[in-house]
Structure formats: C-alpha cells, structure tokens
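Participant: In the order they appear, the protein sequences are chains A and B. For the record, in the first sequence the residue sitting at position 23 is 36 according to this note's numbering, with numbers rising by one throughout. For the record, in the second sequence the residue sitting at position 316 is 702 according to this note's numbering, with numbers rising by one throughout. Even glycine gets a Cβ: it sits at the ideal position worked out from N, Cα and C. Since we're looking at a predicted model, the values are computed, not measured.
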Amino acid sequence: MRLWKRIAIFLSIMGPGIITANIDNDASGITTYSVAGARFGYSLLWTLIPTTVALVVIQEMVARMGAVTGKGLSDLIRENYGVKATFYMMTVLFIANFGTTVANFAGWAASMEILGLSKYLMVPVGALFIWILVVKGSYRFVERILLFACLLYFGYVLSGFMAKPDWSKVIYSTFVPQMKWEPEFFMLSMAIIGTTITPWMQFYLQSSIAEKGIKKEEYKASRLDVLIGCSITDIISFFIIVTCATTLFAQGIRINEASEAALALRPLAGNYAFLIFAVSLANAALLGAIIVPLATSYYICEAMGWERGVNKSFKEAPQFMGIYTFMIVIASLVIMIPEAPLVFLMVLSSVLNGLLLPFVLVYAISLVNNKSLMGDYVNPKIYNIISWGTVGVVLMLTIFFLMTVFIPLSAKYG
Amino acid sequence: MPFFGELFVSEILKKPVLDPKGEELGRVRDIVLVKGELFPKVSALIIEKKKRHFSLLWSDLNIFNKRIISSKTYGDNLHTYEFSEKDLLIARDIFDKQIVDANGVKVVRVNDVKLEGYNSEAILVAVDVGMRGIMRRLGFERSGEDMMKIFKRRLPYNLISWNYIQPLEPKLTKISLTVPRQMVSELHPADIAEIISQVSRKEGASFFKGLDVETAAEALSELQPDVQAAIITGMDTDKAADIIEEMPPDEAADVLSDLPVDKAKEILEHIEKEEAEDIQELLSHEEDTAGGLMTNDFISYHPDISVREAIEKFRKYAEDVETVYYIYLIDAEEKLLGVVSLRELLLAPLDATLSDIMETKLKTVTPDADEVEVAEIISKYNLVAIPVIDAEGFILGIVTIDDVIDRILPPAAKRKRRKV
C-alpha cells in the first residue's frame with residue numbers, strides 16, 4: 014500500500030527532469046556522439062560515466078533550488094546579483110542559444126534532405142509549425158507532444174541493437190578508461206561534456222520544477238526524476254556512440270555530421286536502421302528548435318521583468334514574442350542561405366556556451382549554499398566537493414577548448 | 387535641509403561620501419528606509435570603507451544630491467553597521483524584486499527606486515520598472531537616450547507611484563501603507579488570481595493572506611487546484627474555514643477535495659453545520675461529472691404559492707444565492723416538479739400561482755452524467771443552469787453555465803502558469 018502511494022507521488026512529480034535531460038540530446042549532441050563513435054570506436058564510451066555523475070550532481074542542485082525557492086534560476090540571479098550580472102549573462106545566453114537554434118535547424122534540414130525532402134521546403138514548414146504550435150497552441154498539447162517526442166529517442170537504442178555490436182568489447186570500454194594521446198580525442202571528449210551539460214538546461218530545469226509547484230517535502234521524488242532523466246539521456250548517447258562505432262568505425266568511415274552517419278548506416282546496418290536514425294535526428298532537432306528559443310525568451314523576460322507567456326499577444330508581450338519569433342525566423346533563414354557560415358556559427362555558439370557554463374555553475378552553487386534562501390536545504394559538504402570539482406573540470410576543459418579553437422585560428426591568421 | 391529635488395538610487399550607489407573637510411568617509415552601499423508619514427523615508431545611509439560598513443544617519447547629512455553627498459560629522463563618529471534582516475534596505479530588499487503594480491494589474495520587477503525631497507526628508511515616491519531603469523543601472527541611460535533620438539523617439543519613463551505598489555514580500559508589507567491594501571481589494575478577483583499565479587508559491591501565499599475574506603474567497607475559486615491547495619494548507623484553520631465558508635458550496639467542495647483528508651476534515655469542522663453538510667454532500671461525487679460540478683445553492687419554492695409571494699420571498703432571500711435565473715418548484719419531499727425562469731416570474735400576473743406558469747417538461751441530468759454531456763445539453767437548449775436529479779426525481783443540485791465553461795475553457799490563472 015505504502016509502495017503504491019510512493020509510486021503515485023513519483024508519477025505526479027516526474028516530468029521536468031526527464032524532459033529536460035532528453036531535450037539535452039539535441040541535434041548538436043547527436044552529431045557529437047555520432048562523430049565520436051565513428052572516429053574513435055568504443056574508446057570514448059567511458060567518458061559517459063563521469064559526465065553522467067557531474068550532470069546528476071548539477072541538475073539535482075538546480076532542481077532542489079527550484080523546489081525550495083519556487084523561483085527560476087534567472088529570477089534568483091537577478092534578485093541576488095543585480096541587473097548587471099543578469100544582463101550580460103542573458104546577452105551571452107541569447108547569442109549562444111541562437112547558435113544552438115541554428116544547429117537544430119541545420120539538423121532538421123539535413124535529416125529532411127537525406128529522407129529525400131528539399132530543405133527549402135521543409136525548413137520553412139518546420140519553422141512555421143513550431144511557431145504556430147507555441148503561439149497558437151495550448152500548453153497541454155505542447156507538453157503531450159514533448160513527452161511523446163521523448164519516446165522517439167528510443168529509436169537510437171533500437172538502431173544500436175540492429176548494428177549488432179560485440180557486447181563484451183562495449184562493456185569493457187565503458188568501464189575501463191582508455192586514452193589516446195591525440196588532440197582530436199581530447200576535443201571530442203570535451204565536446205561530449207560540453208554538449209551534455211549546457212547552461213540553458215539549468216535555467217530550463219529549475220523553472221519547470223518551480224512551475225510544477227513541487228514542494229520541498231516532495232523533493233525526494235523529484236531527485237529520482239532527475240536521476241532517471243540523466244541516466245536515460247546518457248544511455249541514448251551511449252547507444253548512438255555504439256551504433257556508429259560498430260558500423261562506421263569498423264569500416265573506417267569518417268563523418269562530420271549526424272546525417273552522414275545515417276546515410277553511411279544504410280549499406281552497413283540496413284534500411285530500417287537508416288530510417289530510425291534519420292527520423293530520430295529529425296525529431297531531436299525539431300524538439301530542440303521548439304524548446305531552446307522558447308526557453309531563451311522566457312528566461313530573458315523573467316530576468317528583465319518583461320511581460321511573458323505564450324497566451325499573450327505581440328502587443329501585450331512585445332519583448333517575449335519578439336525574441337521568440339526573431340530566433341526562429343532568423344535561424345531558419347540562415348539555414349536557407351547557400352554557403353552560410355554554419356560551422357562558424359556553431360563553433361561560436363559552443364564557445365559561448367563553454368564560457369557561460371562556469372559562470373552559471375558558480376552562481377548556482379553560491380545560491381544553493383545561501384542559507385537565507387535554502388534554509389536546511391543548502392548543499393551537504395560532499396555535494397559541494399563534487400560540484401566545485403565539476404566546475405573545476407568544466408573550467409579546465411573550457412580553457413582547453415578555447416585554446417583548441419583560438420590557437421589554430423591564430424596560427425592561420427596570426 | 388540636506389535634500390532638494392529628486393534622484394534615482396542607482397545614481398548614488400558607490401558614490402563617495404565626504405566629511406566636512408572633503409575627506410572620503412566611504413562609498414554608498416545601501417540606504418535604510420523606515421515607515422514615514424505617507425511614504426517610506428530614508429533614515430540612514432550605509433557606507434562601505436575597506437570592507438567595513440558604517441551607518442550615517444540622515445540627520446548627520448549635510449548635502450545629499452546625485453553629485454555630492456557630504457556629512458556633518460567625521461569618520462570617528464560613525465557607527466559600525468551590522469546587516470540585519472530587520473532593516474529594510476533599498477538595494478538589498480527592493481531592487482530587482484517582483485512587485486505588483488495594482489494600477490496596471492500585473493507583476494513587474496523593480497529596476498530602480500526614485501527618492502524625492504519633502505519637508506527635509508528624503509521619501510521613496512516611486513519605483514522604476516521600465517527599460518530606462520535597466521539602462522540606468524547598467525550605466526548607459528545616456529547612450530540609450532541618444533540612440534533613441536536617432537529614431538526620433540524618446541526613452542519613456544516607466545514609474546509606478548508607491549501608492550500603487552503591492553509588495554509581495556512580507557518584509558516590504560510591513561512598511562507599506564494601508565492605501566494599497568484597499569486598492570488590491572478593489573481589483574477584480576480574476577486579476578488577483580492571475581497575479582498570484584504569476585509569482586512563486588511563497589509570495590503568492592503572503593499576497594493572498596492580505597486579502598479580506600470576501601475577495602480572498604472569490605480569488606481562490608479562480609486559481610488552479612494545486613495552487614488553491616497549497617495556499618489553504620499554508621493558512622491556519624480558522625482563517626481557511628472563514629474563506630471556504632464564504633465560497634459557493636460547489637467551489638468550496640472543489641477546493642476541499644484537493645486538500646489532504648485530515649486538513650479538509652479539520653476545516654469542515656470549523657464551518658457552520660448547515661454549510662458543511664452541503665459541502666460534504668457535494669464531495670461524494672466524481673469531479674468531472676454533473677454531481678461534481680453541481681452546487682446545492684439554488685432557489686426552490688413550493689408550486690402552490692402565488693407570484694406575488696414568490697417575488698417577495700425572492701427579494702428577501704435571494705441575495706446570497708449564486709444563480710437566481712431559475713426558480714425550481716419542488717414538493718415537500720424535494721421532488722422536482724417544474725421550473726419558472728426569473729423573466730417569466732416578473733412578467734406573470736401577480737395573482738397567478740407558480741404552478742400555473744411553470745414549465746414541467748424539464749431538461750435534467752443525473753449526478754453521474756459526464757461533464758461534456760452536461761455542457762452539450764446546456765448548449766443545445768441555451769440554458770443558464772440545469773438541475774441534477776436522482777433516479778426517483780429528487781433534486782440534488784444544479785449545474786450552472788459558468789462552471790461548465792470553466793471546465794471547457796479554464797480562465798488564465800487556472801491554466802498552467804508558464805508555457806515552457
């Protein structure tokens with residue numbers, strides 16, 4: 014009886030953690046995992062375990078803040094650190110998320126192209142669809158679509174099994190760390206962490222927890238939600254790497270994009286594996302293209318105190334609607350310009366995300382340790398050790414990452 | 387009289403404070419407010435020097451404007467200041483916080499605070515919630531203004547007078563006036579509900595506690611069920627019972643059904659017996675059926691009375707009844723015999739009996755009818771309300787059109803707060 018009660022409580026609380034973690038595997042995430050699998054086979058699999066631990070610790074912290082304070086992260090940063098910090102953070106977040114939106118539209122365009130549909134038709138259609146969905150649709154409808162779309166991610170698990178990997182090797186590589194002293198190996202391991210732990214997710218998760226009105230007493234169920242969500246997202250990453258490692262790496266095929274992975278899969282793993290991979294990519298890209306612009310406009314308006322809400326008209330909430338529409342329209346236009354500097358935009362976006370992440374994490378950790386906000390729910394010591402450790406690692410990787418971006422650039426132009 | 391004119395607080399933060407010899411005492415860190423006659427007034431400046439904090443009383447100031455702040459006393463006479471939760475500080479407690487603009491009926495964020503000189507005091511007259519305030523805090527109000535000039539526009543001031551502010555945090559509430567309280571009670575309950583649904587649960591609850599019982603009852607029924615439950619659970623039972631009692635029985639039952647069983651029982655025990663019985667009866671039905679939607683607050687007369695008597699009765703007792711457009715005619719055992727609409731009643735000759743003018747071919751529903759079915763019947767026959775009867779023809783209650791519409795098209799505050 015008590016067990017049933019607990020399960021019922023969990024079911025009513027779950028959602029935010031799982032949805033957030035799943036949307037995390039957007040087009041750029043899938044690209045990273047596909048490239049990693051094709052380039053280094055199973056040997057990067059072990060990085061998923063420390064990444065998952067860091068992801069769980071950070072998401073748990075942010076979720077706890079949402080439940081205890083009932084406020085979003087951008088609310089708390091604005092109220093505790095003032096306009097300046099908030100404004101600059103939001104500006105960077107806006108540019109970085111614009112890049113992420115472009116990446117998602119690119120993923121959508123590419124997956125449509127390999128399915129035989131012209132991007133000049135499908136990008137405007139996709140953009141119009143998500144714009145109308147949010148502006149004219151009701152929230153319940155959007156949420157249902159999101160939960161259903163999360164299920165589609167399991168397509169990757171299927172394609173992983175279809176590739177028929179050598180499971181003993183897979184398990185060995187997952188639990189035994191291996192290093193290859195090549196710059197590309199480090200680049201890709203950084204990219205895996207960077208694409209898994211993103212700044213906007215922290216804002217998104219905390220708001221949706223606060224939104225759902227989860228109380229601190231119910232918080233234990235929320236922790237489970239976060240734990241399950243983070244595990245699912247990394248299990249999916251795991252299967253993407255396994256699929257590409259088993260098929261492409263074994264054949265020595267190198268790729269730069271997720272859509273190339275799907276194409277290369279066709280002769281190796283069959284038509285169904287190709288189809289599942291391509292449709293899942295389209296799904297992930299579209300989902301990212303809905304949530305990232307929407308989330309961005311919410312956090313900016315929330316922090317700045319502007320009117321917001323999907324129910325509001327352009328006249329009532331000009332900034333909110335303006336930011337949302339701008340991101341979708343400009344991102345889809347950029348995709349349709351032939352020879353647009355897509356790679357540059359995506360690199361810029363990941364650089365900005367990388368720069369922003371340590372700041373967001375430092376703010377989050379100092380807020381979660383603020384006794385007047387969190388009361389008895391401040392971080393336990395062990396959490397602080399792990400989370401500062403994560404910040405340290407992320408900071409180091411960011412510096413490494415910036416070096417890998419700027420050193421070749423300066424070598425080229427300097 | 388150290389202060390004339392007006393200034394924005396962000397303009398003086400971090401400005402140096404000078405002693406009579408022109409030496410720097412420290413820099414302005416924050417400003418302490420106390421309750422004034424009409425508006426809050428400044429009681430002291432908190433200044434920071436080498437990480438230490440001192441308080442400089444308002445009476446010790448010599449010059450206070452946006453360019454020069456100087457004191458009458460020297461550094462040795464300053465008292466060290468310990469930050470305390472009891473004091474109300476402008477930068478710490480008002481800047482960047484959400485407040486309710488009772489005039490525009492919305493939740494806004496404070497970007498800056500405007501002080502004005504009045505009777506040799508500095509009083510807080512307004513808060514800045516506009517773009518201009520943000521620009522000023524960021525330090526580019528000027529360039530923002532210049533940029534707008536290019537487009538032949540002006541950067542608008544967006545100030546809300548302190549009169550129209552309803553603070554959300556209890557700390558601010560202590561210092562605010564009684565005036566805004568009344569203003570908030572004059573707002574439409576649906577607007578109040580929307581405000582509550584836009585802020586965090588804690589702030590919403592403290593805002594709600596300030597409402598009078600009648601407004602609170604109306605606002606509560608406009609809220610989303612889980613918000614209702616959170617607010618009522620957080621209140622003491624007596625106050626909660628007062629509010630629940632004020633609500634129509636069907637809405638009271640809706641609220642109670644979302645509470646933990648113990649809390650609901652406790653509240654019911656504090657409610658007048660008759661009212662509590664009505665509510666309990668409604669609680670026994672499923673929420674999405676006619677029984678769950680209905681109210682047992684309706685008008686019913688015996689069919690033998692005359693139209694004159696009926697109108698007199700109506701004038702006497704109908705004031706507290708929620709839906710008055712139909713008069714249901716029942717026999718001594720509460721069996722439903724017919725209905726007279728208010729219009730028919732008023733147009734009928736005064737000497738006729740109700741049974742002469744009543745309509746006996748009634749549209750009714752059973753308590754277990756689905757809400758959609760109820761909505762369809764109400765819509766098809768253009769009704770304002772429909773009676774709910776059991777198998778033997780006894781009237782249990784009525785479902786009114788507003789309750790049905792609420793189920794089909796929930797009001798804004800009942801929908802999810804945010805759409806991400």
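Figure out for me which residue from B/N505, B/S470, B/R528, B/I546 has the closest Cα to the Cα of B/A488.
Facilitator: Taking only the C-alpha atoms, the option nearest B/A488 is B/I546.
Participant: Ignoring anything shorter than 4 residues, give me the alpha helix (DSSP H) runs that lie fully in the segment 319–358 of chain A, in order along the chain.
Facilitator: Counting whole runs of 4 or more residues, the segment 319–358 of chain A contains the alpha helix (DSSP H) stretches 331–349.
Participant: With H, G and I counted as helix, E and B as strand and the rest as coil, what does DSSP make of B/Q484?
Facilitator: Strand.
Participant: According to DSSP, is A/D37 helix, strand or coil?
Facilitator: Note: A/D37 maps to coil in three-state DSSP.
Participant: Relative to the C-alpha of B/A576, which candidate in B/K458, B/K595, B/E608 has its C-alpha closest?
Facilitator: The shortest Cα separation from B/A576 among B/K458, B/K595, B/E608 belongs to B/E608.
Participant: Along the chain, where does the beta strand (DSSP E) containing B/T709 start, and where does it finish?
Facilitator: It is not in any beta strand (DSSP E) - B/T709 carries neither H nor E in the DSSP assignment.
Participant: Have a look at A/F287, A/F413, A/E352 and flag the residue whose alpha-carbon is nearest the alpha-carbon of A/F174.
Facilitator: Cα-wise, what sits closest to A/F174 is A/F287.
Participant: Could you check if A/Y337 is buried or exposed, using at least 16 other CB atoms within 10 Å of its CB as the buried criterion?
Facilitator: With 16 or more Cβ atoms within 10 Å of its Cβ, A/Y337 is classed as buried.
Participant: Shorter than 8 Å from the beta carbon of B/R518 to some beta carbon of chain A?
Facilitator: Closer than 8 Å: no.
Participant: At a cut of 8 Å, does the segment 52–60 of chain A reach the segment 173–188 of chain A through at least three beta carbon pairs?
Facilitator: Verdict: yes, contact present.
Participant: How long is the line joining the alpha carbons of A/F290 and A/V255, rounded to whole angstroms?
Facilitator: Going from the Cα of A/F290 to the Cα of A/V255 covers about 13 Å.
Participant: Which class does A/G265 belong to by DSSP, given the choice of helix, strand or coil?
Facilitator: If DSSP states are grouped into helix, strand and coil, A/G265 belongs with coil.
Participant: Would you tell me roughly how many angstroms separate the C-alpha atoms of A/L316 and A/V138, rounded to the nearest one?
Facilitator: This sequence places Ala at residue 316 of chain A; Leu is not what is there. If I take the Cα positions, the gap works out to 32 Å.
Participant: Where do the N-terminal and C-terminal ends of the beta strand (DSSP E) with B/N448 fall, by residue?
Facilitator: Taken as a continuous stretch (DSSP letters only), the beta strand (DSSP E) holding B/N448 covers 447–450.
Participant: Let's test the definition: count the other Cβ atoms within 10 Å of the Cβ of B/V565 and tell me whether it reaches 16, buried, or not, exposed.
Facilitator: Model confidence at B/V565 stands at a pLDDT of 45, short of 50, so the residue's coordinates are unreliable; what they give is reported in the following sentence. That one is exposed.
Participant: Please report the residue range of the alpha helix (DSSP H) in which B/R539 lies.
Facilitator: B/R539 -> no alpha helix (DSSP H), and no H or E assigned at all.
Participant: Are the beta-carbon atoms belonging to A/A140 and A/S345 less than 8 Å from one another?
Facilitator: Cβ distance < 8 Å, so A/A140 and A/S345 count as in contact.
Participant: Looking at the unbroken alpha helix (DSSP H) that takes in B/P773, where does it start and where does it end?
Facilitator: Note, B/P773: premise wrong, no alpha helix (DSSP H); beta strand (DSSP E) at 771–775.
Participant: Shorter than 8 Å from the beta carbon of B/F394 to some beta carbon of chain A?
Facilitator: Output row for B/F394: interface = no.
Participant: Less than 7 Å between C-beta atoms, sequence neighbours within five positions excluded: which residues of the same chain meet that for B/R804?
Facilitator: For B/R804, the pLDDT reaches just 40, beneath the cut-off of 50, and the residue's location in the model is therefore unreliable, leaving the point undetermined.
Participant: Quick one: using the 10 Å Cβ neighbour count with 16 as the cut-off for buried, is A/Y217 buried or exposed?
Facilitator: Answer is buried; the Cβ neighbour count reaches 16.
Participant: Would a check of beta-carbon distances place A/T82 closer than 8 Å to chain B?
Facilitator: It does: the Cβ of A/T82 has a partner Cβ on chain B nearer than 8 Å.
Participant: A/M317 versus chain B: which residues are under 9 Å apart at the beta carbon?
Facilitator: Ordered by position in chain B, the residues that pass the 9 Å Cβ test against A/M317 are R495, N497, M517, I520.
Participant: Give the secondary structure of B/I432 by DSSP, where H, G and I count as helix, E and B as strand, and everything else as coil.
Facilitator: Note: B/I432 maps to strand in three-state DSSP.
Participant: Can you find a C-beta in chain A that's less than 8 Å from the C-beta of B/A650?
Facilitator: No, no contact with chain A.
Participant: On the criterion of 16 or more Cβ atoms from any shown chain inside 10 Å, does A/A271 qualify as buried, or is it exposed?
Facilitator: Buried, because 16 or more other Cβ atoms sit within 10 Å of the Cβ of A/A271.
Participant: Tell me whether the beta-carbon of A/L243 lies closer than 8 Å to the beta-carbon of A/A34.
Facilitator: Looking at the sequence itself, residue 243 of chain A is Cys, so the reference to Leu does not match. It is a contact, given that the beta carbons lie within the stated cut-off.
Participant: Does the beta-carbon of A/K84 have 16 or more other beta-carbons within 10 angstroms, so that it is buried, or is it exposed?
Facilitator: So A/K84 ends up on the buried side.
Participant: Are the beta-carbon atoms of A/E92 and B/D482 separated by less than 8 Å?
Facilitator: Against a cut-off of 8 Å, the Cβ pair of B/D482 and A/E92 comes out as a contact.
Participant: Which of helix, strand or coil does DSSP assign to B/R495?
Facilitator: Of the three classes helix, strand and coil, the one that applies to B/R495 here is strand, per DSSP.
Participant: Using a Cβ-Cβ cutoff of less than 6 Å, which residues in the same chain neighbour B/L563 once the five nearest sequence positions on both sides are dropped?
Facilitator: Bear in mind that the predicted position of B/L563 carries a pLDDT of just 44, short of 50, making it unreliable; the figure below should be weighed with that in mind. Nothing listed; no residue qualifies.
Participant: Helix, strand or coil: how does DSSP classify B/Q807 here?
Facilitator: With chain B represented from 387 up to 806, any question about residue 807 of chain B goes unanswered, as that position is not in the structure.
Participant: Any chance the segment 234–242 of chain A sits against the segment 76–90 of chain A, with 3 or more Cβ pairs inside 8 Å?
Facilitator: Result yes; three or more Cβ-Cβ pairs closer than 8 Å.
Participant: Comparing the C-beta of A/E320 with each C-beta of chain B, is any distance below 8 Å?
Facilitator: A/E320 counts as touching chain B.
Participant: Give every residue of the same chain whose Cβ lies closer than 6 Å to the Cβ of A/R279, excluding the five residues on either side of it in the sequence, and list them in chain order.
Facilitator: Closer than 6 Å at Cβ, skipping near neighbours: F287.
Participant: Tell me whether B/Q614 is buried or exposed, calling it buried when 16 or more other Cβ atoms sit within 10 Å of its Cβ.
Facilitator: Classification for B/Q614: buried.
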